[in-house]
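Some notes on the structure that comes next.
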Ligand SMILES: [Zn+2]
C-alpha cells in the first residue's frame with residue numbers, strides 16, 4: 008500500500024493549545040534549530056532542526072539558496088524559482104488541509120513513518 012501524505016498541527020502537551028511561538032537558534036557549526044513554545048502557557052513543545060528555511064517570499068529564499076550554484080541562464084533560474092514557489096504553496100495547502108483532519112497523537116508517529 009503506498010504511503011499517503013500526513014500532517015499535524017503542533018499541540019501543547021500541557022494546556023492543549025494550538026497557539027505557538029517559534030524561537031530560532033543559529034549557532035556556528037550546527038544546524039539551526041526552531042524551538043516551539045506554547046504561546047498560551049510558555050511550555051516547551053518541540054525542537055526542529057533546519058536544513059532549509061523558506062520565508063513568505065519563496066523566490067527570495069530560492070535565490071539565497073542558489074547563491075553558491077552556477078545557473079546556466081536567467082530564464083532557467085526564473086523557471087526553477089517558480090517551481091520552488093509552486094511546490095511551497097502546494098505543500099502549505101496540503102499541510103493545512105491534512106492537519107485539520109489529523110488524528111495523529113504524537114508528532115514522532117508522523118515523522119518516523121516516512122524515515
Ligand atoms: Zn500550553
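Residue numbers (the working numbering): 8 to 122. Positions of the beta carbon are idealized from the N, C-alpha and C atoms, including for glycine. All values reported here derive from a predicted model rather than from experimental measurement.
In the DSSP assignment, residue 92 falls within the alpha helix (DSSP H) that extends over 81-107. Taking 7 Å as the cut-off, one finds at least one heavy atom of ligand 1 near enough to the beta carbon of residue 47. Residue 105 and residue 99 have their C-alpha atoms roughly 10 Å apart.
Between residue 26 and residue 47, the alpha-carbon positions lie close to 7 Å from each other. Cβ atoms of residue 17 and residue 52 come within 8 Å of each other, at about 6 Å. Counting only the Cα atoms, residue 10 lies some 28 Å from residue 40. Note that the C-beta distance between residue 57 and residue 42 is not below 8 Å.
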